């Protein structure tokens, strides 16, 4: 949930620090007091589009910071943080957004600088904002299918996973066939290029690790004199009378005389003897290496020439010899495929036909599964709409097929086009008046109806979505009376699944609040600022009374406000 929100120099907010609890928090206040500004700040905090206009006049920058507490180890936020290298191991996520007066924006998550896109991606798992004019998911038919699949849960996910496994093979085969079906002139040019490249690599006769061995040999030749001198002096230090090896041999012989008298002396003798024989072997190797050494400037020229050749091949075909050889294997396969194109086209066509049949079977299964849980969703939505006094409303989910080219596979006589999410096109239809035909939701519903439909869907989907906080920005506009009471109860029910912050002008919604915050404007000298105050029980009565009657507070209004609070308390329990 959103636990803390800090806002500085944002619009008419000079400095504001808010603490939020679980359940339903309602924000009320006079029009223009700054309620929506707080929601705007949250929207920017989770990656919304920023603007210099948000910076308070005279300030260098606006600062917004929010602390989120997550108690679910499986929350999608954790994986998204891990994907971008953000440490989030303590159950807390801190988002911060600074917007400067020049229009620039700086975003941080747990102190790490991130792009706005990353902030938006992670923010979407934390907060879901619904405004009175937005209803984006409902008004966008392309979002209806994902919403339906979301409702389908595990059943939908399993059916789609089986479909997508086949779809990947279908795409791979289709791309290979398309590549082989390019015009002959392009194929001839491609074949010439690949043949030249393969010949160039093969003529080089590269060996794995060859460049490393050549570099080592080059170092030895370049440093011939230094290496020769070091070997010669090392050999001389070990060999000869009175030299290193001779002295160690003498020590070994003396210890040999007394080794049987003491266990410690025996160990010393064995160690000395081992050292003697090891150094003797080293001395012989040094002597052999000195005898074999020969300075060969022509060999150095050959090495440099070979390294230059390898370097040129690396620039063309890969960073290492292993990469170059792997590339050669790859283009050899492609050359063979092009040279035997007709055979491969025939084989791929047969494979694609088989995979297409399999994919069509899986696609039909996905459709059948979707239609099953579409019926369940329709029933649930009708029940929720009935609770919101839209019992005459008819809701339906209309299925169509994504149409493909004329030679595409047929489903119910319609050529279909496969995509990652199947072959279905889904759209929500509605009829709000008896006798009226079902029409697309976007063309029928009024503002108040959309608010209720969105609330019905959100009541259902809040159990399926992992969002920690849901924000309703005046979604109850345009409703009153018993509908307002029903919406208040729906919003409270959603708050039992997720933290809910709600800006409202309805006293029924305010009465349901677990926490009631009053937003007001104050004038300090010549500047206006927004302040927020948490209301106690007596102040709640006063504010709900203002919402009922306006400015004047009568005893009747006060009694009405108390009744609303008492009814809300009974409903909660």
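Numbering (the UniProt record's numbering), first residue to last: 1 to 573.
C-beta atoms are modelled at their ideal positions from N, C-alpha and C, and glycine is treated no differently.
Everything numeric in this text was worked out from a predicted model, so none of it was measured.
Is the separation between the beta-carbon of residue 498 and that of residue 460 shorter than 8 Å?
In this structure, residue 460 does not lie closer than 8 Å to residue 498 by Cβ.
So what does residue 64 bridge to, in DSSP terms?
DSSP lists 7, 97 as partners of residue 64.
Expressed to the nearest angstrom, what Euclidean distance is found between the alpha-carbon atoms of residue 93 and residue 472?
Roughly 22 Å separates the two Cα atoms.
Going by other Cβ atoms of all chains shown within 10 Å of its Cβ, with 16 needed for buried, is residue 61 buried or exposed?
Buried: at least 16 other Cβ atoms inside 10 Å.
Which partner residues does residue 414 have in the DSSP bridge list?
Residue 414 pairs with 411.
From the DSSP output, in three-state form, read off residue 12 for me.
The answer is coil: DSSP assigns residue 12 none of H, G, I, E or B.
Please list, in chain order, all residues of the same chain as residue 404 whose beta carbon is under 6 Å from its beta carbon, the five residues on each side excluded.
Here the set comprises 415, 416, 417.
Could you pull the start and end residues of the alpha helix (DSSP H) that residue 548 belongs to?
537-549 is the extent of the alpha helix (DSSP H) around residue 548.
In this structure, how does DSSP classify residue 254 when only helix, strand and coil are distinguished?
Helix.
Can you say whether residue 235 is buried or exposed, counting buried as having 16 or more other CB atoms within 10 angstroms of its CB?
Per the 10 Å Cβ criterion, buried.
From residue 348 to residue 338, what does the alpha carbon distance come to, in whole angstroms?
Cα-Cα distance, rounded: 13 Å.
Rank 516, 530, 528 by C-alpha distance to the C-alpha of residue 542 and give the top, closest one.
For the residues 516, 530, 528, the minimum Cα distance to residue 542 belongs to 516.
Spatial neighbours of residue 244 within its chain, please: CB distance less than 8 Å, with the 5 preceding and 5 following residues excluded, ordered by chain position.
So the qualifying residues of the chain are 237, 238, 279.
From the DSSP output, in three-state form, read off residue 54 for me.
Here residue 54 sits in helix by DSSP.
Could you please give the first and the last residue of the uninterrupted alpha helix (DSSP H) stretch that includes residue 336?
Looking at the DSSP string, the run of the alpha helix (DSSP H) that includes residue 336 is 321-339.
Using 10 angstroms around the beta-carbon of residue 9, count the other beta-carbons present and answer buried if the total reaches 16, otherwise exposed.
With 16 or more Cβ atoms within 10 Å of its Cβ, residue 9 is classed as buried.
Measure the C-alpha to C-alpha separation of residue 114 and residue 75 and round it to an integer number of angstroms.
Whole-angstrom Cα-Cα distance: 20 Å.
Does residue 89 come out as helix, strand or coil in the three-state DSSP assignment?
If DSSP states are grouped into helix, strand and coil, residue 89 belongs with coil.
When DSSP labels each residue in this structure, what does residue 135 get in the three-state scheme?
Because residue 135 carries a pLDDT of 48, less than 50, the predicted location of this residue cannot be relied on, and the following value inherits that uncertainty. Note: residue 135 maps to coil in three-state DSSP.
Spatial neighbours of residue 24 within its chain, please: CB distance less than 7 Å, with the 5 preceding and 5 following residues excluded, ordered by chain position.
Only 491, 492, 495, 500, 502, 512, 513, 514 meet the Cβ criterion.
Heavy atom of the ligand HEM less than 7 Å from the Cβ of residue 554, yes or no?
The ligand content of the structure shown is nil, which means the ligand HEM is not present either.
Identify which residue in 290, 392, 458, 105 has its Cα closest to the Cα of residue 435.
The option with the nearest alpha carbon to residue 435 is 392.
Buried or exposed, going by whether 16 or more other CB atoms sit within 10 Å of the CB of residue 428?
Classification of residue 428: buried, given that the 10 Å Cβ count is 16 or more.
In the DSSP assignment, find the beta strand (DSSP E) that holds residue 73 and state where it starts and stops.
Unbroken run through residue 73: none, as it is neither H nor E.
Give the secondary structure of residue 557 by DSSP, where H, G and I count as helix, E and B as strand, and everything else as coil.
Three-state result, residue 557: helix.
Please give the ranges of any alpha helix (DSSP H) in the stretch 236-307, keeping only runs that are unbroken, at least 4 residues long and fully inside the region.
Here the runs fully enclosed are 244-258, 263-292.
Distance, Cα to Cα, residue 135 vs residue 128?
Annotation note: pLDDT 48 at residue 135 (below 50); position unreliable, coordinate value reported separately. Approximately 11 Å between the Cα atoms of the pair.
Can residue 218 and residue 331 be called in contact, C-beta distance under 8 Å?
The answer is no: Cβ separation not under 8 Å.
Counting only beta-carbon separations shorter than 8 Å, does residue 517 have a partner in chain D?
Any reference to chain D falls outside this structure, which holds one protein chain only.
Compare the beta carbon distance of residue 296 and residue 227 with 8 Å and say whether it is the shorter of the two.
No; because the gap between Cβ atoms is not below 8 Å, this pair is not in contact.
Assess, as a yes-or-no matter, whether the stretch 18-33 is touched by the stretch 520-533 under the definition of 3 or more beta carbon pairs within less than 8 Å.
At 8 Å Cβ cutoff, the stretches touch.
In angstroms, rounded to a whole number, what distance separates the CA positions of residue 133 and residue 362?
With a pLDDT of only 46 at residue 133, under 50, the local geometry of the prediction cannot be trusted, and no value is derived from it.
Would the stretch 316-329 and the stretch 181-196 be scored as touching if the rule is three or more Cβ pairs under 8 Å?
Because the criterion of three Cβ pairs below 8 Å is not met, the stretch 316-329 and the stretch 181-196 do not touch.
For residue 170, collect the residues of the same chain with a Cβ closer than 8 Å to its Cβ; drop the 5 residues on either side in sequence, then sort them by chain order.
Result list for residue 170: 352, 355, 356, 359, 418, in chain order.
One question on the structure: do residue 424 and residue 367 come within less than 8 Å of each other, judged by their Cβ atoms?
Their beta carbons are under 8 Å apart, which means residue 424 touches residue 367 by this criterion.
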